[in-house]
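Participant: Please find one structure pasted underneath; my questions will follow.
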Amino acid sequence: MEEPRYYDIRHTAGTSTHIDIDNGVVESAGTSFFDTAILRVLGSHGWGIVTIDNYSAKSRKEKDEYISQALRHAMVTVEDVALGDARSGILPMPAMKEDPASVPLEEKCSLLSGIESQARKVDGIVSTRAGYSEGSGTVSFENSSGAEFSYAICRSGYSISAVAGRNGVMQAARESEHTISGLNLRHKEDMGAKAAERAVALLDASPAKGGKMNAVLDQQLAGVFAHEAIGHASEGDLVKEGISVIKGMIGECIGSPNLTVVDDPTLHEFGFMPVDSEGVLPVRSEIIKEGVLSAYLHNRQTLAVVGDGDAGHARGQAGEVPLVRMSNTFIESGDSSYDEIISECRNGILLKGSRGGQVDPGRGVFQFNAEYGYVIENGELSKMVRDVSLSGDILKTMHNIALCGNDKKMTPGYCGKGGQSVPVTDGSPHILLKDAVVGGCGE
Amino acid sequence: MNEDKIRGLSELIIKAGNKCADEVEIFLAGGSGVVTQLKGDLIGEAGGSESFGIGIRLIKDGKIGSSTTGNPERWQECLAAAEASAKLATGQKWEGLPSPVPLSDIDLDIFDSSLKPDISAASSLIEEMKEGASEFDVNIAGGGSSFGTGYSVIVNSEGVFYSREKSRVSVSLEAISGTSTGYEFDSACFNDRIDAKETGKQAAFLAAHSVDAEEIESGQYDVIFSPIAFSQILGSVLLPSFSGRNVHSNRSFLAGKMGEQVFDECLCIYDDPTDGQGSTLLDAEGVPTRRIDFVEEGVLKSFAYDLKTAYRYGEESTGSAKRGGAGGLPSIGMHNLHVDGKRSNVFDEKALYVQDVVGAHTANAITGDFSLELSNTSWMESGEYGSAVRSAMVSGNFFEMMKDIAGLSESSREIGSSKIPSVRFNGIQIIGK
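If you want it as structure tokens, here you go:
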């Protein structure tokens, strides 16, 4: 049997806790257990992989058998994989203010219930639902080069959604917050009220009118733009496989000179990781600097093939193969004030909040939905609108960023790719987009 | 884990669970599989996995507690967590877990005993797809193939013991030409029911055909949604509104409309639990499944219930409990969704044929409003592809649109456990560039 050229094992074990409160009823609340590992082996060509449940219980002998099994799988691969050099290492974990795992489930349940009941108190609300999730565990990494790391992390957060109804018309709004810095359920009752009040306000909003217009994106939606439209296209695996519109464009001016986009896994935000899923020390990568494409995000393999950027962006869900992923992605603040941006927009639309987005990085097309917005007339906000989306061509849109605000804000969430979901933070100041394609079904 | 071991383990758990709860339910699932991943046009990753999990639910005084674990040795810890969980849940009206009933011996047609998770068979599927794709001048950007077999078992303290074996083979391919992309996929329970070559050919065709795409002016157009595009919007917007839980929690557009003509009379929507890749005789709570006609000729006839929701609101479970795996709690879902009704030739008259949409999950499930980017859209007339459209958005209100359907295509496509036709709507709003 041939020897592996390289192997690594990433083992994740811990507990996940959830609470689901639906219209005042605790539907379910409880704790479950996970313990899974992913083993990757480099055969003479490509990767052989084995996923192992209950890894803690496995003997050294069994682990060696898994390595042989992965090597056998690798025999059908034909891609010649080489790994780029990258500095291995681990950053210290930031301290938590209050470890969620140390707070009794009963207390967390009652705190969440407090948020949910505030939403139900608002006049016009017909349905409320609150959720809490907490994943607490240890990630251990070892590879055949002798690198070995282990860290404990707890990610937790809540969401509250409220539905308002009147004369057969319904509207919904949602608030959520996720963090790595400890329990975030205390003194959050206002968030329940905030979601509920917005749902009620949306009852009186009209559907947005679609078309080409100037658009101001709030910090959350512009953060989604940074993530969907720019971040994904800069992922080294997409560049390597030829499905990114910004492949081969390093050094070129691909956006407005006031646009700088960064992915920084070292920030103590929700997308923070002390070490990446290949044992590489995470680094800040400036994807676009003042409009010029300066780096791709990489794992060791895509770094070796594509170059131009940094490894340290490999991330995998527990028990899953690491992929090139974003962590904390944001557009840097510019120097315009919010008032200047609205005024400069003249006639157009302010898009606020996000119901998510999607991108086809090969075609260079993105789509995302705002939760609500306001029509801008003569440089001032007028009526509220709902169900408004934005789509466009990535390259064209980046040149159309006319102004960047000075009010950057980060919003935590989750990002899906290849069937895996990982925690991320997106951020941005308010930005002004000229000639944006806005979707809506209003007249 | 073999059946004797599963029976032994579940007896232990039920015995211990009976001491601290009124009723006990155990869901076990396991399986093994192999997968290959194309990186560009070369297989870069090949892997195998073995999975196992146990989910325990306890019911005490109408309070339902649950926990899951992947480690059979640690079932006691899992049981204790389920007991703690039951203490926190709000109590509700509960009339008991189901008892065993005689089951039909119908062949569910979801297990291919000849299918073995074999890595070289998975890599031959890749070759077949590549051969299909070679008919067009495109590059292969990615894709994959997988083989898997698995089992799930539902056991409860009332005596239910139901196990089900299932196999699955799947392929997908992504092709690109310039900045024109095309994606296709297929899955089946049986190895000989998948056409990898055709999947590859279609992905390549889509990428090649959209190369010379043209812009489109904003306006009202006749639009045909492919089964894929239609199922994406359907899944995000309509399916959640059939859930009894959403209906009674005021989160469903269809609440209070039972018996009304809610959609076009050409439309029928039903769940047939014995016709499709999701077939099962008992649902994930051990309740016998049955055909559920949600919409008959446009009239709303039924909602879907699991036990908890049914007991709470004085309804009957429709056998609609589903689990994502052993790690998931039961929730209301579809076994085999069918969209059916009066069929016609929808492709004759000129229309925009939408292969796929980008961002269906951003649609508003409560109101039905959506505005989505189109993918691989072409003019189509007399069943022939015409020129492709570069980029555009489609927007509207899905519930309104469904009141006036211009036709369902004569054939349906199997997408996972669903069977869906192409659906034509006339006068839909398109936002061009």
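If you read the sequences in order, they're chains A and B.
Reminder that position 65 of the first sequence reads as 1024 in our numbering, one-by-one numbering, no gaps.
Reminder that position 427 of the second sequence reads as 443 in our numbering, one-by-one numbering, no gaps.
Cβ atoms here follow ideal geometry from the backbone N, Cα and C, with glycine treated the same way.
Leaving out five residues before and five after E1336 (chain A) in sequence, what residues of the same chain have Cβ atoms less than 7 Å from its Cβ?
Facilitator: Position 377 of the first sequence, counted from the first residue, corresponds to residue 1336 (chain A). Contacts found: N1306.
Participant: State the beta-bridge partners of L54 (chain B) as determined by DSSP.
Facilitator: Here residue 54 (chain B) refers to the residue found at position 38 of the second sequence. Beta-bridge pairing links L54 (chain B) to B:I59, B:G159.
Participant: Apart from the five residues on each side of it in sequence, which residues of its chain come closer than 7 Å, Cβ to Cβ, to I80 (chain B)?
Facilitator: Position 64 of the second sequence holds residue 80 (chain B). Excluding sequence neighbours, I80 (chain B) sits near R73, A102, A105, K324.
Participant: Taking buried to mean at least 16 other C-beta atoms within 10 Å of its own C-beta, is E1093 (chain A) buried or exposed?
Facilitator: By one-based count along the first sequence, residue 1093 (chain A) stands at place 134. With 16 or more Cβ atoms within 10 Å of its Cβ, E1093 (chain A) is classed as buried.
Participant: With a threshold of 7 Å on Cβ separation, who are the neighbours of Y1014 (chain A) within its own chain once the five nearest residues in sequence on each side are excluded?
Facilitator: The residue you call residue 1014 (chain A) lines up with position 55 of the first sequence. Correct list, in chain order: H970, D994, T995, A996.
Participant: Roughly how many whole angstroms lie between the Cα atoms of A1167 (chain A) and E233 (chain B)?
Facilitator: In the first sequence, counting from the first residue as 1, residue 1167 (chain A) sits at position 208. In the second sequence, counting from the first residue as 1, residue 233 (chain B) sits at position 217. Spanning the two alpha carbons is a distance of roughly 19 Å.
Participant: Would you decide whether H1146 (chain A) is buried or exposed? Buried here means 16 or more other CB atoms lie within 10 Å of its CB.
Facilitator: Against the first sequence, residue 1146 (chain A) aligns to sequence position 187. By the 10 Å Cβ count, H1146 (chain A) comes out exposed.
Participant: What would DSSP say about Y321 (chain B), mapped onto helix, strand or coil?
Facilitator: Residue 321 (chain B) sits at position 305 when you count from the first residue of the second sequence. In this structure, Y321 (chain B) counts as coil in the three-state DSSP scheme.
Participant: With H, G and I counted as helix, E and B as strand and the rest as coil, what does DSSP make of L1050 (chain A)?
Facilitator: On the first sequence, position 91 is the one that residue 1050 (chain A) refers to. In this structure, L1050 (chain A) counts as coil in the three-state DSSP scheme.
Participant: Using the Cα positions of C1212 (chain A) and D1222 (chain A), report the straight-line distance between them to the nearest angstrom.
Facilitator: By one-based count along the first sequence, residue 1212 (chain A) stands at place 253. By one-based count along the first sequence, residue 1222 (chain A) stands at place 263. C-alpha separation (whole angstroms): 19 Å.
Participant: Any idea what DSSP makes of P88 (chain B), helix, strand or coil?
Facilitator: Taking the second sequence and counting its residues from 1, the one referred to as residue 88 (chain B) is at position 72. Correct three-state label for P88 (chain B): helix.
Participant: Would you say R1125 (chain A) faces chain B, with C-beta separation under 8 Å as the test?
Facilitator: One-based indexing of the first sequence puts residue 1125 (chain A) at position 166. Output row for R1125 (chain A): interface = no.
Participant: Looking at the secondary structure, which residues open and close the alpha helix (DSSP H) in which N34 (chain B) lies?
Facilitator: Working through the second sequence from its first residue, we reach residue 34 (chain B) at position 18. Residues 19-36.
Participant: Can you have a look at E61 (chain B) and say buried or exposed, based on whether 16 or more other CB atoms are within 10 angstroms of its CB?
Facilitator: Position 45 of the second sequence, counting from 1, holds the residue named residue 61 (chain B). Buried, since its Cβ has 16 or more Cβ neighbours within 10 Å.
Participant: So E144 (chain B) and A212 (chain B) are supposed to be a Cβ contact under 8 Å. How far apart are they, rounded?
Facilitator: The residue labelled residue 144 (chain B) in the question sits at position 128 within the second sequence. The residue labelled residue 212 (chain B) in the question sits at position 196 within the second sequence. Yes, they are in contact, since the Cβ atoms of E144 (chain B) and A212 (chain B) sit about 4 Å apart, within 8 Å.
Participant: Taking the beta strand (DSSP E) that D420 (chain B) belongs to, which residues open and close that run?
Facilitator: Start at 1 with the first residue of the second sequence, and residue 420 (chain B) comes out as number 404. Premise fails: D420 (chain B) is in no beta strand (DSSP E) and is neither H nor E.
Participant: Report the residues of the segment 92-107 of chain B with a CB closer than 9 Å to any CB of chain A, ordered along the chain.
Facilitator: If the cut-off is 9 Å between Cβ atoms, the segment 92-107 of chain B has E93, C94, A97, A98, A100, S101, A102, K103, L104, A105, T106 near chain A.
Participant: For chain A, is any of its Cβ atoms less than 8 Å away from the one on R87 (chain B)?
Facilitator: Position 71 of the second sequence, counted from the first residue, corresponds to residue 87 (chain B). Here residue 87 (chain B) is Asn; the residue named in the question, Arg, does not match the sequence. For N87 (chain B), the answer is yes, since a Cβ of chain A falls inside 8 Å of its Cβ.
Participant: Applying a beta-carbon distance threshold of less than 7 Å, which residues of chain A neighbour K55 (chain B)?
Facilitator: For the purposes of this step, residue 55 (chain B) is taken as residue 39 along the second sequence, with counting starting at 1. The answer, in chain order, is E1038, E1200.
Participant: Under the three-state reduction of DSSP, which class applies to T393 (chain B): helix, strand or coil?
Facilitator: Along the second sequence, read from residue 1 onward, the residue named residue 393 (chain B) stands at position 377. Here T393 (chain B) sits in strand by DSSP.
Participant: Given 7 Å as the limit, tell me if S1076 (chain A) has its C-beta closer than that to any heavy atom belonging to the ligand SAH.
Facilitator: With respect to the ligand SAH, the structure shown offers nothing to examine, as it has no ligands at all.
Participant: How many Å lie between Q1077 (chain A) and R1133 (chain A) at the Cα?
Facilitator: Here residue 1077 (chain A) refers to the residue found at position 118 of the first sequence. Here residue 1133 (chain A) refers to the residue found at position 174 of the first sequence. If you take the alpha carbons of Q1077 (chain A) and R1133 (chain A), they lie about 13 Å apart.
Participant: Show which residues of chain B have a CB atom less than 7 Å away from the CB atom of A1181 (chain A).
Facilitator: On the first sequence, residue 1181 (chain A) is found 222 positions in, with the first residue counted as 1. Here the premise fails: no neighbours, minimum Cβ distance about 16 Å.
Participant: What does DSSP give as the partner residues of K182 (chain B) in its beta bridges?
Facilitator: As a working mapping, residue 182 (chain B) is identified with position 166 in the second sequence. The partner list for K182 (chain B) (beta bridge, DSSP) reads B:G166.
Participant: Could you pull out every residue in the same chain whose Cβ sits closer than 8 Å to the Cβ of I1324 (chain A), ignoring the five residues on either side in sequence?
Facilitator: Start at 1 with the first residue of the first sequence, and residue 1324 (chain A) comes out as number 365. The displayed chain sequence assigns Val, not Ile, to residue 1324 (chain A). Same-chain partners within the cutoff: V1318, S1350, G1351, D1352, I1353.
Participant: Decide if T1097 (chain A) is buried, meaning its Cβ has at least 16 other Cβ atoms within 10 Å, or exposed.
Facilitator: Start at 1 with the first residue of the first sequence, and residue 1097 (chain A) comes out as number 138. Exposed, since its Cβ has fewer than 16 Cβ neighbours within 10 Å.
Participant: Quick check: is the beta carbon of N1306 (chain A) nearer than 8 Å to any beta carbon in chain B?
Facilitator: Along the first sequence, read from residue 1 onward, the residue named residue 1306 (chain A) stands at position 347. N1306 (chain A) does not count as touching chain B.
Participant: Can the beta-carbon of D1163 (chain A) be found less than 8 Å from the beta-carbon of T383 (chain B)?
Facilitator: Within the first sequence, the letter at position 204 stands for residue 1163 (chain A). Within the second sequence, the letter at position 367 stands for residue 383 (chain B). No. Outside cutoff.
Participant: Taking 7 Å as the limit between beta carbons, can you name the residues of its chain near F279 (chain B), skipping five residues before and five after?
Facilitator: Residue 279 (chain B) sits at position 263 when you count from the first residue of the second sequence. If we look at F279 (chain B) and ignore the five residues flanking it on each side, its Cβ neighbours are V311, G314, M418, K419.
Participant: Three or more beta-carbon pairs under 8 Å between the segment 1293-1303 of chain A and the segment 338-353 of chain B, yes or no?
Facilitator: Contact between the segment 1293-1303 of chain A and the segment 338-353 of chain B is absent, because fewer than three Cβ pairs lie under 8 Å.
Participant: Between the beta-carbon of S257 (chain B) and the beta-carbon of D299 (chain B), is there less than 8 Å?
Facilitator: Taking the first residue of the second sequence as position 1, residue 257 (chain B) is located at position 241. Taking the first residue of the second sequence as position 1, residue 299 (chain B) is located at position 283. Cβ distance not < 8 Å, so S257 (chain B) and D299 (chain B) don't count as in contact.
Participant: Which of the three DSSP states, helix, strand or coil, is assigned to I1074 (chain A)?
Facilitator: Here the question's residue 1074 (chain A) lines up with position 115 in the first sequence. Residue state, collapsed to three classes: helix.
Participant: Ignore the nearest five residues each way along the sequence and tell me which others in N172 (chain B)'s own chain have a CB closer than 6 Å to its CB.
Facilitator: Residue mapping note: residue 172 (chain B) aligns to position 156 of the second sequence, counting from 1. Counting only Cβ-Cβ distances below 6 Å, and skipping sequence neighbours, we find E41, L113, G302.
Participant: Could you tell me whether any Cβ in chain B is nearer than 8 Å to the Cβ of F1184 (chain A)?
Facilitator: Your numbering for residue 1184 (chain A) matches position 225 in the first sequence. F1184 (chain A) does not count as touching chain B.
Participant: If you draw a straight line from the alpha carbon of K1182 (chain A) to that of L1042 (chain A), how long is it in whole angstroms?
Facilitator: On the first sequence, position 223 is the one that residue 1182 (chain A) refers to. On the first sequence, position 83 is the one that residue 1042 (chain A) refers to. First, the residue type needs correcting, since residue 1182 (chain A) is Gly and not Lys in the sequence shown. Spanning the two alpha carbons is a distance of roughly 32 Å.
Participant: Drop a sphere of 10 angstroms on the beta-carbon of E1339 (chain A), count the other beta-carbons inside from all chains shown, and report buried for 16 or more, exposed for fewer.
Facilitator: What you label residue 1339 (chain A) is simply residue 380 of the first sequence in a count that begins at 1. Under this definition E1339 (chain A) is an exposed residue.
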